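1 is the number of the first residue of the sequence shown in the UniProt record's numbering; add one for each residue after it.
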Amino acid sequence: MITRLRRLLQRHRFARFIAASALNTLFGFTVYSAVILMHGPVWAALAASNLAGICFNFVTTGGYVFRSLVMARFPRFASVYAVVYLSNWFFIGRLSDLTAGPIVAQAILTPPMALLSYFLLKKLVFAGVPAGEPPARS
Numbered sequence: 001m002i003t004r005l006r007r008l009l010q011r012h013r014f015a016r017f018i019a020a021s022a023l024n025t026l027f028g029f030t031v032y033s034a035v036i037l038m039h040g041p042v043w044a045a046l047a048a049s050n051l052a053g054i055c056f057n058f059v060t061t062g063g064y065v066f067r068s069l070v071m072a073r074f075p076r077f078a079s080v081y082a083v084v085y086l087s088n089w090f091f092i093g094r095l096s097d098l099t100a101g102p103i104v105a106q107a108i109l110t111p112p113m114a115l116l117s118y119f120l121l122k123k124l125v126f127a128g129v130p131a132g133e134p135p136a137r138s
């Protein structure tokens, strides 16, 4: 079972994205929730989680998912995160009033924001990076 999972993660970029996204989401959602629980405004919680997450996620997404940890890609990576942040902020403002508040709204928005970020990263930041197995270890 573990060997099968490892093989799946090695060969399929989207499977690696799901695995890295789980870790990235936990990290970002923790930062977001901490700011909200300290009575910070939603915009500050989103900003804090995005700013902290950009560096963390560049390593997990760039290095693990796309297998390209080239610093020259970082400005485009950060720009994609800015677009996702603004989209998230727009939708969370509308959804918060329809749910139990901004934490529940963010939980609902997390999957579509993750898919948006994958699509934008794949097309705008890591276009042309092969999706196959990593280079063999010597």
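Heads up, the beta-carbon is just placed ideally off N, CA and C, and yes, glycines get one too. Model, not experiment: these values are computed from the prediction.
Quiz item: Would V80 be called buried (16 or more neighbouring beta carbons within 10 Å of its own) or exposed?
Solution: buried
Quiz item: Using the C-alpha atoms, what's the distance from K123 back to R76?
Solution: 11 Å
Quiz item: Apart from the five residues just before and just after N88, which ones in its own chain have a Cβ nearer than 7 Å to its Cβ?
Solution: L46, L109 and M113
Quiz item: For A20, does the count of other Cβ atoms within 10 angstroms reach 16, so buried, or fall short, so exposed?
Solution: buried
Quiz item: Helix, strand or coil for T60 per DSSP?
Solution: helix
Quiz prompt | Own chain residues within Cβ distance below 7 Å of P102, not counting five before or after | solution = I36, V42, I92 and S96
Quiz item: Could you give the residue range of the alpha helix (DSSP H) that holds A15?
Solution: R13 to L37
Practice problem: Within its chain, find whatever has a CB closer than 8 Å to the CB of T25; leave out the 5 residues flanking it on each side and keep chain order. | Solution: T110 and A114
Quiz item: Alpha carbon to alpha carbon, how far is M71 from Y32?
Solution: 26 Å
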